[in-house]
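Per the working numbering, the sequence shown runs over residues 86 to 476. Don't be surprised by glycine CBs; every beta carbon is placed ideally from N, CA and C. As the structure is a prediction and not an experimental result, all values here were calculated from the model. Note sheet for the following structure.
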Amino acid sequence: MITPWSRRLTASFFAALATALVAFAVTDLALYLVSQLSLAAIGSYAAVLALPALVLLIVVFIAGLIDALSSWWGALLAGLVGGLLGAAAGGLAAAKGDLIKYLSSIVGFYLFFIVAAAVTSALLGRVVWRSWIARPATRGRVAFVRVPSANLAEGIVTNVPRTLVDRDAADKQWDDYVSALTGAGWQIVEVAAADDQPDAVFVEDAAVVLSPSVALLTRPGAEARRAEVAAVGDSLRTSGFTLFELEAPGTLDGGDVLVVGSTVYVGRSGRTDADGIRQLREVVAMANLDLTVVAVPVTGGLHLKSLASALPDGTVLVSGGLEPSIFGRALRVPAGESANVVALDDRTVLVPASAPGTADLVADLGYTVVKVDLSEFEKLEASATCLSIRS
């Protein structure tokens, strides 16, 4: 997991502060009760517990920085270590060289604190840390895009014959696509250009946004495309996302992942394998996201999104041999038409100009349709969603 340092620092500090304060307060209260409700004892105990609480804060803070608070046992261990070191520091300060007094204070007086530190770190510190890590970054709707490379025409084609790509026309179409996004209120973030990566403009394949704060960096099925991921990760991290990374040997293309409400449909295609799907499920669980991953066999298309995409209300448009019943609420577009559209907002949908039947279907459902010519990118098996990562 890769978390922006600003967010990790904040999460770790608040988790450590909450753990230290609660452990301090619980221990002071416990000793107050043991001392037969002596009010005078509260102040004296508080003074003695101040140093151990500070040590505990430092230890839990460091644990948060190294992601140890992401699991209950890591948080428990951090609290236990912090409690022991805090008790050792407090006992050393109080014993003033008397070894017997030092050991007895740790076993006796500070035992409450050690137990409170471990339990509080596991139950409270971990929750606070995870809550801050999962907080959405302060931003509106953001679309990550990448300008077409100089060698765009050399992009990979798998299921269609290679045809000549007009680079100037492609640049104009890309500008129109970005203008449609900005016109609908999207903030545009341009990922660093890569003129040596012809498919880099299809930025969607490099990452999957799973929530307003969590994204997964993919491992594209085409080996030549794996170099595209690093720059996309840099942009997402700068924008405040916590990142997970797909590991070898699994492969996953972002174009195979369709998020509809609380369901993540993932295509088992020529670019995404079973291990990639397994890792996607693991990431959803590790990030504690309330999402269900549903695998969909893909034939007759490069990616799942080559054959399906979602309208703003969650209705899935389907084309080709894909079975609509997979998605619950779905509509088949006219034969030979693209089902790949981009929901610009709750009322507006971007549809490729090459799919007039799909545009009519969407308009008949009460949506405003924005048509954009993407013919040069379609020569490279691209779809409307390919050209951006939207969050």
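Item: Beta-ladder partner(s) of Lys456, from DSSP; Value: Val436
Item: Pick from Ile411, Ser296, Val274, Val351 that is closest to Asp319, judged by C-alpha positions; Value: Val274
Item: Pairwise C-alpha distance: Ala160 and Phe197; Value: 18 Å
Item: Gly182 burial status per 10 Å Cβ neighbour count (16 or more: buried); Value: Note on Gly182: pLDDT 49, under 50, position unreliable in the model; the coordinate value appears next. When all chains shown are included, Gly182 counts as exposed.
Item: For Ser206 and Arg432, the rounded distance between their alpha carbons; Value: 46 Å
Item: Close beta carbons around Thr377, own chain, < 6 Å, minus the five adjacent residues each side; Value: Thr348
Item: Sequence-distant residues of the same chain with beta carbon closer than 8 Å to Leu134, five excluded per side; Value: Phe109, Thr112, Asp113, Gly175, Phe198
Item: One or two residues paired with Ile273 in a DSSP bridge; Value: Ala228
Item: Within 8 Å, strictly: CB atoms of Leu343 and Leu301; Value: no
Item: Integer Cβ distance of Val457 from Gly442, believed to fall under 8 Å; Value: Contact flag wrong, Cβ pair sits at about 16 Å.
Item: Residues of its chain near Asp261, where Cβ-Cβ distance is below 8 Å and the 5 sequence neighbours each way are ignored; Value: Val457, Asp458
Item: Cβ-based neighbour list, Leu136, same chain, cut-off 8 Å, excluding 5 preceding and 5 following; Value: Gly171, Ala174, Gly175, Ala178
Item: Spatial distance of Gly167 from Val368 (CA atoms); Value: 29 Å
Item: Leu407 to Gly268 span [Cα, whole Å]; Value: 32 Å
Item: The region 458-467 contacting the region 240-257, beta-carbon criterion three pairs below 8 Å; Value: yes
Item: C-alpha gap between Gly399 and Val345, whole angstroms; Value: 6 Å
Item: Exposure of Arg226, with buried meaning 16 or more beta-carbon neighbours within 10 Å; Value: exposed
Item: C-alpha gap between Thr336 and Val140, whole angstroms; Value: 44 Å
Item: Neighbourhood of Arg231 by C-beta distance below 6 Å, restricted to the same chain and skipping five residues each side; Value: Val276, Ala285, Val286, Val288
Item: Residues that Ile474 bridges to, as DSSP identifies them; Value: Phe229
Item: Cβ shell of Leu266 (< 6 Å), same chain only, five flanking positions each side left out; Value: Ala228
Item: Alpha-carbon to alpha-carbon, Gly340 and Pro397; Value: 18 Å
Item: CB-CB length for Asp290 against Ser234, believed under 8 Å; Value: Contact doesn't hold; Cβ gap of about 14 Å is too wide.
Item: 8 Å Cβ cutoff met for Pro382 and Arg353; Value: yes
Item: Beta-ladder partner(s) of Glu330, from DSSP; Value: Leu302
Item: Through-space distance from Val403 to Ser394, alpha-carbon basis; Value: 7 Å
Item: Short Cβ contact (8 Å threshold) for Gly240 with Pro283; Value: yes
Item: Coarse secondary structure for Ser391, derived from DSSP in three states; Value: helix
Item: For Asp183, three-class secondary structure by DSSP; Value: Caution is warranted here: a pLDDT of 47 is assigned to Asp183, below 50, making its placement in the model unreliable, and the coordinate value is therefore given only provisionally. Looking at Asp183 - three-state DSSP - the assignment turns out to be coil, as it is neither helix nor strand.
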